[in-house]
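Asks:
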Amino acid sequence: MSRFDFDTLPDRRASGCNKWTRFDADVLPMWVADMDFAVAEPIRAAIAARLAHPVLGYGVPQAGLKARIAAWLAAQYGWQVPVEAIVPMPGVVPGFNLALRATCARGDGVVVQTPVYPPILKAPANWDLRRLDAPLTPRDEVDLDTLRGALAQAGQGGRGGAFLLCNPHNPTGRAFRREELEAMAQACLAAGVAIVSDEIHCDLLFDGRRHIPVASLSEEVAARTITLMSAGKTWNIAGLNACWAIVTDAALRARFQRAIAGVADHVNILGLVATEAALAEGEPWRQALLAYLQANRDWLLGAVEARLPGVRMHCPEATFLAWLDCRRSAAAADPQGFFLEHARVGLNPGPDFGPPGVGFVRLNFGCPRATLEDGIARMGRALGQA
Ligand SMILES: Cc1ncc(COP(=O)(O)O)c(C=O)c1O
9 MSRFDFDTLP DRRASGCNKW TRFDADVLPM WVADMDFAVA EPIRAAIAAR LAHPVLGYGV
69 PQAGLKARIA AWLAAQYGWQ VPVEAIVPMP GVVPGFNLAL RATCARGDGV VVQTPVYPPI
129 LKAPANWDLR RLDAPLTPRD EVDLDTLRGA LAQAGQGGRG GAFLLCNPHN PTGRAFRREE
189 LEAMAQACLA AGVAIVSDEI HCDLLFDGRR HIPVASLSEE VAARTITLMS AGKTWNIAGL
249 NACWAIVTDA ALRARFQRAI AGVADHVNIL GLVATEAALA EGEPWRQALL AYLQANRDWL
309 LGAVEARLPG VRMHCPEATF LAWLDCRRSA AAADPQGFFL EHARVGLNPG PDFGPPGVGF
369 VRLNFGCPRA TLEDGIARMG RALGQA
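With this note's numbering applied, the sequence shown has no gaps in its numbers, which climb one by one up to 394 at the end.
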């Protein structure tokens, strides 16, 4: 048995969190991407130790944190990054938005792979940039011709435009293979398009897979890439608003630092403490979490097939998110509304992830097994009665 407890459901309703307060009290929330697991003990201890000091002034990332991040990148992905390339920030969403500001000019295009995490979908419009969709195939694979076609239209504003990659991919759970990443990166280089890579789910890969940062493919790719990573998803500390960007090219880094100045160049002091503790002491908990999530995923695959008539899902290779295709089920017309009304389960509506999301919902399986079983039982009953 694991020495970590992932089976107890903490009561989060009075904790001020979004997940458990959005819907009525009888609704089981399985939507926003944080997990219903207690934060690992060493992280809570580090935060408590910091709070034992009575002053909470402005924090600044200490050299030890950047060294810790660089060591993590080297150990986990075999990626050697100089510490000066690491830029701590208050969040991946601000990070990729400001990376667009650094790499694009008004009128340029930003290529996104739909269906995709809604803030990625919305980011281009925040900067008066054109969103160019390059949908994944029905098997959630990269359609290279479509991608090349979109990239070719990206540079019309004059700066070259950007490819806003999400790897591992939310909501499909794809962890792109090396060949896919190489093909995507080559297409960007050929089109003169910058790469902004949201890799927030990079430490949640299943079946022994190893994450490949796109910038680690070659110096040439790294020179055009802004990568964003965080301990937020993996260690369930997203509310602490801390992440880091990696920009190895000095000129691109200077542009990025200008873009974040005055907007997102400060990090919450507790977020810095928690991030360092996660990387320094959180590995045993992460390994146990991965085993638990993978078992949840495997159970879910079987349960969807056996108990949710007409619903299908692909096997997520990473993340704690399942992308449920309800188009052949009784919930097809509006799956999110159907399951909310008839099952009292709160899911993310597929259309929020772009046009290919019509008829889909996203379900968060980062919860105790009993909670997951409850959610699927509710959904199964609703479909059975439809
Ligand atoms: C792909 C992706 N990027 C970014 C975020 C959020 O990042 P942050 O909280 O650091 O802004 C999420 C959260 O669900 C996510 O799934």
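Backbone N, C-alpha and C define an ideal beta-carbon position, used for all residues, glycine too.
Just so it is clear, the structure is predicted and the values come from calculations on it, not from any experiment.
Report yes if the CB atom of A158 is closer than 8 angstroms to the CB atom of D116, and no otherwise.
Replies: It is not a contact, given that the beta carbons lie outside the stated cut-off.
Asks: According to DSSP, is I94 part of a helix, a strand, or is it coil?
Replies: Of the three classes helix, strand and coil, the one that applies to I94 here is strand, per DSSP.
Asks: How far does the alpha helix (DSSP H) with F264 in it extend, from its first residue to its last?
Replies: That run of the alpha helix (DSSP H) goes A258 to I268.
Asks: Closer than 6 angstroms by C-beta to G383: which residues in its own chain qualify, once you throw out the five before and the five after it? Chain order, please.
Replies: Taken in chain order, the residues that qualify are L36, M38 and V353.
Asks: By DSSP's criteria, T233 is part of a beta bridge. Which residues make up the other side?
Replies: Paired residue(s): I203.
Asks: Looking at E325 and A183, is the spacing between their C-beta atoms short of 8 angstroms?
Replies: Contact: yes.
Asks: Just verifying my parser: in three-state terms, what is the DSSP assignment at W331?
Replies: Here W331 sits in strand by DSSP.
Asks: Nearest to A385 by CA position, among G374, H350 and V369, is which residue?
Replies: Ranking G374, H350 and V369 by Cα distance to A385 puts H350 first.
Asks: Once DSSP output is grouped into helix, strand and coil, what is the label at C196?
Replies: Note: C196 maps to helix in three-state DSSP.
Asks: Leaving aside the five residues before and after E284 along the sequence, list all residues of the same chain whose C-beta is less than 6 angstroms from its C-beta, in chain order.
Replies: The residues are L73 and R76.
Asks: In chain order, what residues have a CB nearer than 6 angstroms to some heavy atom of ligand 1?
Replies: This selection yields A41, G99, V100, V101, Y125, C174, N178, D206, I208, S238, G240, A246 and C251.
Asks: Between A53 and A288, what straight-line distance do the alpha-carbon atoms span, to the nearest angstrom?
Replies: Rounded to the nearest angstrom, the two C-alpha atoms are 13 angstroms apart.
Asks: Name, in chain order, the residues that DSSP records as bridge partners for F171.
Replies: V119 and I203.
Asks: Excluding five sequence neighbours on each side, which residues of the same chain lie with their C-beta closer than 6 angstroms to the C-beta of T132?
Replies: For the sequence presented, residue 132 should be read as Pro rather than Thr. The answer, listed in chain order, is V118 and R139.
Asks: So, are the CB atoms of F373 and A330 less than 8 angstroms apart?
Replies: Cβ distance < 8 angstroms, so F373 and A330 count as in contact.
Asks: Considering only residues of the same chain and omitting the five flanking positions on each side of Q164, which have a CB-CB separation below 7 angstroms?
Replies: So the qualifying residues of the chain are G115, D116 and G117.
Asks: Find out if the Cβ-Cβ distance for the pair I245, V47 is shorter than 8 angstroms.
Replies: Taking 8 angstroms as the Cβ cut-off, I245 and V47 qualify as a contacting pair.
Asks: Between which two residues does the beta strand (DSSP E) containing R139 stretch?
Replies: Element bounds for R139: R138 to D141.
Asks: Quick check on DSSP: helix, strand or coil for A26?
Replies: As written in the sequence, residue 26 is Asn, which differs from the Ala given in the question. It is coil, neither helix nor strand.
Asks: Would you identify the three-state DSSP class for I51, choosing helix, strand or coil?
Replies: It is helical.
Asks: Assuming V369 is part of the beta strand (DSSP E), what are its boundary residues?
Replies: F368 to N372 is the span of the beta strand (DSSP E), which, as asked, contains V369.
Asks: Could you tell me the alpha carbon to alpha carbon distance between A33 and R21, rounded to whole angstroms?
Replies: Looking at the two C-alpha atoms, the distance is approximately 9 angstroms.
Asks: Between which two residues does the alpha helix (DSSP H) carrying I77 extend?
Replies: Note, I77: alpha helix (DSSP H), A71 to Y85.
Asks: In whole angstroms, give me the CA-to-CA distance for A57 and A113.
Replies: Going by the C-alpha atoms only, they are around 45 angstroms apart.
Asks: Kindly indicate which residue of R185, D257 and A286 has the alpha-carbon position closest to the one of D148.
Replies: Checked all of R185, D257 and A286; the closest Cα to D148 is R185.
Asks: From the DSSP output, which residues share a beta bridge with D43?
Replies: Checking the sequence, you will find Met at residue 43 rather than Asp. In the DSSP output, where bridge partners are listed per residue, M43 has none listed.
Asks: Helix, strand or coil: how does DSSP classify L144 here?
Replies: Looking at L144 - three-state DSSP - the assignment turns out to be coil, as it is neither helix nor strand.
Asks: Assuming A78 contacts I55 under a Cβ cut-off of 8 angstroms, what Cβ separation, rounded to an integer in Å, is found between them?
Replies: With a Cβ gap of about 23 angstroms, A78 and I55 do not count as contacting.
Asks: With a threshold of 6 angstroms on Cβ separation, who are the neighbours of D211 within its own chain once the five nearest residues in sequence on each side are excluded?
Replies: The residues are T242.
Asks: Among D141, C174, H219 and G181, which one has its Cα closest to the Cα of G86?
Replies: The option with the nearest alpha carbon to G86 is H219.
Asks: What's the C-alpha gap between Q30 and G24?
Replies: A small correction: the amino acid at residue 30 is Arg; Gln does not occupy that position in the sequence shown. Roughly 10 angstroms separates the two Cα atoms.
Asks: Count the other CB atoms, across all protein chains shown, that sit within 10 Å of the CB of G279; report buried if there are 16 or more and exposed otherwise.
Replies: With 16 or more Cβ atoms within 10 Å of its Cβ, G279 is classed as buried.
Asks: Under 8 angstroms by Cβ, that's how I've got A239 and M97 pegged, so tell me the actual separation to the nearest angstrom.
Replies: Actually they do not touch by this definition, with Cβ atoms about 13 angstroms apart.
Asks: Counting along the chain, where does the beta strand (DSSP E) carrying I254 start and finish?
Replies: Note, I254: beta strand (DSSP E), C251 to I254.
Asks: Measuring CB to CB, does D234 end up less than 8 angstroms from V201?
Replies: This sequence places Ile at residue 234; Asp is not what is there. No, Cβ-Cβ distance for I234 and V201 is not below 8 angstroms.
Asks: For D153, which residues from the same chain have a beta carbon less than 8 angstroms from its beta carbon, with the 5 sequence-adjacent residues on both sides left out?
Replies: The answer is none, since no qualifying residue turns up.
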